[in-house]
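So the number in this note's numbering is just where the residue sits in the sequence shown, counting from 1, plus 5.
Using N, Cα and C, we set each Cβ at its ideal position, and we do this for glycine too.
Here is the structure we will look at.
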Amino acid sequence: MDAPQLHIHKAGWTVLVFGLFLTTFGVWWTCFLVSYALLFVFGFVMVLGYWGYLMSQEMRQNTLEGDFGPMTKGLGKVIQEIQLSRMALKMDKRLTGSSIIDEPLQEVLQLFFRDYVHDWYYNSISTDEGFLYDLRQTLQRALVAFANRSKDVEWVNFLTTRFVDDITNHLKIYRKTKQRLEKADDNTSLDIETAFFQVEYEMEGEICREQICLSEGKEKDYLSDISEMLLYLLLPPEDFHNKPFRYFFREMIATCVLFPTVSMICDPDFINQTLAWLCKDSTFTKEAFMTVIREGISAVEDVEGTKDKVDLEIAKLRAHDSETSDAADTAVRQQLSSLIFVKNICEAKIRTLKYGIGELPSLPSDQLDELSKLLSPNQSLPVLPLQVILDNNTALSYFIEFMNSINGQVYLYFWLAVESYRVTAEQQLSLCLEQLLVRESDGGDKEHCMVAEDLEVLRLAAQNIFDEYLSETASPRVVLAKELPKKIFKRIAQEEPSPSCFDDCQAQVYEILGGESYYGSFLKSEAYVRCLLDLEIPLDKPDDNVVDDDDAASIDSEFSQPEESTLAVKLWTPDDDIRLNATITQTGACKDDGKTYALYTINVYRASSEGTKSWTVFRRYSDFDDLHLHLKEKFGLIPSLLLPGKRTFHNLDKKFLEKRRIALDTYLQNLLSTETLGLHLGMFEIANNFLIPGPYAREKGQFARKVDTLVAPIRHVSHAIKTVPDSLSGGVQKIFTKPGNRRDLKEDTRQFYAEIDLEEDDNIPLRILLSLMDEIFDLRQRNLWLRRRIIVFLRQIIQTTYGDRINRKIVDYVNYMTSAEQIAEYVKLFRDSYWPGGILAEASQERKKDVKIRTRVAAKTKIFGSIPEELKRFLGLEVTMEGVCCVFDTFQYCSLNKRLLYVLCEGILELLFPDNKFNSIFHKIHAKPKV
């Protein structure tokens, strides 16, 4: 059928339907139905248009508000593919190549993202995990690159050279800063932090870290720059060049990780808590605590904080005093008495810090009441002999305080200086004698040159003492008989140095000190009462009005019976027919209580009218030392009796024992010579008592026997002479340095240390110990002879403790501390500290000021108590305390701690990335224009 026919067919059907419709419904209903259909279509179009208008308005409003509504779900197949792709996100947990490190490190990353990233990301940005996956992957790539770089680093060389040098340089800058502030005018407004960075600028060569340490904004910028440089080195190029991602990652590391960590680590209170935690509780002793209160605190608030805590404890004890039983009453009273004593010490220290030495105000009335309670009316106090006061450190400190208050300290300082010179000269002459005995076997010219140098050092020391106290230009001057200074000056200039060159002057000064003006007034002073309380000597007066030997032993000093006591037997004289002869034939070793010491076999012969008897006795070196001390106390210094010096380490070496045997045998022969015994009545009986069969009954006390001839001069100089005020300390410090040759001596010192460094270049521990002790205890300000002895001392410690294995042990220890097992322990410790039990630790509350003060005092006490007693005796109490305070005070400033931390971190970065010119980069960052 073609098209025209089809149209005719459709038109026919239409006419047929319309006709049937008219015939069936009529004209009216037909028009009505057609109109209804047209209206329905029109209404539907209008409703659809209105609904479209509303939807467009809602969409427009949502667009302006940023709410795009739920995402289109799309086809089910697409949704299924997306879910499958999300399930395919797998994390490679390998980071360092060691599973024991990777496991705790992955836990740290998981906890970090959970507590610091997920919260703000899921709630504010999106629920999609793709970004978090990429972020963690990037962080893990950076850790992998950092771990691989760390494996190629030689940590031993860095930790033993650069690391130690940075710490010692930091201490040196702080020490120079304190010295500059002490010399500055009181009116200057320069604080220690500003002065510290000025000194750093001068020492480091136009490099200063003041801005990043004092300005928080500059510090954050510095951390951001460091973070971006690390991202450049550790991230893949495609991640680093993604600027939004790089900036986000940089700020997260700098502000969320580095800045709060640095602030926490550099907080002085955090450091004090760490130091107190690291030190054992046993290091907090009452002796260390009282020493720190007296000598180691320079801030009034520290002493006041301690005193407030003591007052609280006293109040608690007094509140419960009535509730205690009779059995516990004594213990409570003893504890209360001890606390009152500590309170008195704190109050005295507070007055000293507020008013200065020599200007202490009188005790307040309540403290006078406390003292009056301890003393009954008209009670006489026990009398300490002057020699006991001079020998005991505690009593001497009170005597010095009293002498300062009456302007008589110059006599006491002169006596102490001469005493230290005497001990030093005896030690040096003993060493010279030992060198002369072995000169033929070891090379005579060299030994002779060394002996001459040592004698010249003694002569220079004696000359400085004379110039400081006895010359006409001395101020203040020790006033003595006119002929004595001339006699001493002639003896120093023309005769060989001798320990006894100042004996006449010292004896006269001793008489002046023992007079009523000084010693007598001291016995009647308040300082003497406090001295007795400090020494824990009963205030009840003994029958003989003098402290006996047992009481003296309680203050760590014993003294023999008075020389004036008459002997019941007749003393030996050369006219008697009794003769003694002794020879040291051999040496051996013996163990007692786990300690090994040398024994000397002595064959003794006693000849008399009844015949000759012989026997063998065994004596230790300490027995000879005790005998020598007893002879020196009774008869004074005898030139022919020179005891060989004591050796702290390697004292069981065969060659050394043989040399000492020869020297001790010479000592015995000189002692038993008829000429020596005849000139000193009573010496024969002492020698006979030394040589009788059986154990030797020592004459001297425990304290006197422990005086090391090597340590004694250092202790005397540092403990006694260092307590002088600033007006006199300069002169005393010049005892071993002649003013005219000070520059030459400095050059000699530098040359000497250069030789030590070249000689001991491979001796790692000696270099470390020498560098640290040089800065901590300010050895560069000491004399060259003292530094030489300290180096010998350190070398002997190292050699005796480990021998030639010390370097290998250090290498093994560093390797152990950087091993995978230890690094895993560090990560676990970090994890457990920040997320104990898997839960983020709460932010620590700000500690109260009084708690911080007590922690500061406790940390300083523990550090001081951790120093071995042998080292304290070697360096002296004052020098040791100054070193401890210098190191401890360095860490009490947050800005200074940040400077040290950044210096160490910069050194590590230079080590990890040696080819990236970090040194020049840091130099540009910290460069400060020259004003």
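C-beta contact flag for Asn586 and Val622 at 9 Å: Contact: no.
One or two residues paired with Leu905 in a DSSP bridge: Leu905 pairs with nothing; no bridge assigned.
Own chain, CB closer than 8 Å to Lys312, minus 5 neighbours either side, in chain order: Excluding sequence neighbours, Lys312 sits near Lys348, Cys351, Glu352, Ile355.
Inter-stretch contact (C-beta, 8 Å, three-pair minimum) for the stretch 412-427 and the stretch 473-484: Remark: three or more beta-carbon pairs, one from each stretch, lie closer than 8 Å, so the stretch 412-427 and the stretch 473-484 are flagged as touching.
Length of the line joining the Cα atoms of Ala430 and Ser503: Each residue's Cα considered, the two are about 7 Å apart.
Range covered by the beta strand (DSSP E) that runs through Lys618: Its beta strand (DSSP E) spans residues 616-624.
For Ala932: DSSP bridge partner residues: Partner(s): Ile212.
Distance between beta carbons of Leu518 and Leu386, contact taken as under 8 Å: Their Cβ separation, rounded to whole angstroms, is 19 Å, which puts Leu386 and Leu518 out of contact at 8 Å.
Helix, strand or coil at Cys595 [DSSP, three-state]: Strand.
Collapsed DSSP secondary structure at Ile844 in the structure displayed: Coil at Ile844, not helix or strand.
Asp753, buried or exposed, once every other Cβ within 10 Å from all chains shown has been counted against 16: In this prediction, Asp753 scores a pLDDT of 38, lower than 50, which makes its location untrustworthy; no coordinate-derived value is stated.
Nearest residue (CA-CA) to Arg611, options Tyr605, Asp631, Arg625, Thr588: Of all alpha-carbon atoms in Tyr605, Asp631, Arg625, Thr588, the one lying nearest the alpha-carbon of Arg611 is that of Thr588.
Straight-line gap, Asp307 to Thr132 (C-alpha atoms, nearest Å): So the two alpha carbons sit approximately 54 Å from each other.
Bridge-paired residues (DSSP) for Leu585: DSSP output for Leu585 lists Arg611 as bridge partner(s).
Spatially closest choice to Gly683 from Tyr533, Ser838, Leu186, Leu576, by CA coordinates: When each option's Cα is compared against that of Gly683, the closest is Leu576.
Spatial neighbours of Phe151 in its chain, beta-carbon cut-off 7 Å, leaving aside the 5 residues before and after: Correct list, in chain order: Leu239.
Strand pairing of Thr606, partner residues [DSSP]: DSSP, once it has assigned bridges, lists Gln591, Phe623 as partnering Thr606.
Boundaries of the alpha helix (DSSP H) in which Gly310 is found, first to last residue: Residues 305-324.
Simplified DSSP state of Ile130, which is helix, strand or coil: Coil.
Alpha-carbon to alpha-carbon, Ala281 and Lys867: Cα to Cα, the separation comes out at about 7 Å.
Validate contact between the stretch 272-281 and the stretch 229-248 using beta carbons, cut 8 Å, 3 pairs: No, the stretch 272-281 is not in contact with the stretch 229-248.
Asn349 in three-state terms, based on DSSP: Helix, per DSSP.
Pairwise C-alpha distance: Ile781 and Thr895: Using only the alpha carbons, I get a separation of about 11 Å.
Glu108 beta carbon less than 9 Å from that of Ala829: Going by C-beta atoms, Ala829 is nearer than 9 Å to Glu108.
Under 9 Å between C-beta atoms of Tyr672 and Leu646: Closer than 9 Å, so yes.
Phe118 versus Tyr237: straight-line alpha-carbon distance, rounded: Phe118 and Tyr237 have their alpha carbons spaced roughly 22 Å apart.
Counted within 10 angstroms of its Cβ, other Cβ atoms place Trp18 as buried (16 or more) or exposed: When all chains shown are included, Trp18 counts as exposed.
Selected residue, minimal CA-CA separation from Ser232, among Tyr179, Glu292, Glu211, Ala147: If we check each option's Cα against that of Ser232, Ala147 comes out closest.
Check whether Lys359 and Val305 have beta carbons under 9 Å apart: Result yes, Cβ atoms of Lys359 and Val305 sit closer than 9 Å.
Three-state class that DSSP yields for Glu501 in the structure shown: DSSP places Glu501 in coil when its eight states are reduced to three.
Residue range of the alpha helix (DSSP H) that includes Ile172: Per DSSP, Ile172 belongs to the alpha helix (DSSP H) from 168-188.
Three-way DSSP call (helix, strand, coil) for Ala400 in this model: The answer is helix: DSSP assigns Ala400 an H, G or I state.
Alpha-carbon spacing of Asp658 relative to Ile667, whole angstroms: If you take the alpha carbons of Asp658 and Ile667, they lie about 14 Å apart.
Proximity to Lys618 [Cα-Cα], best of Leu460, Thr592, Ile697: Check the Cα spacing between Lys618 and each of Leu460, Thr592, Ile697: the tightest is with Ile697.
Where the alpha helix (DSSP H) through Ala668 begins and ends: Here the alpha helix (DSSP H) through Ala668 covers 659-677.
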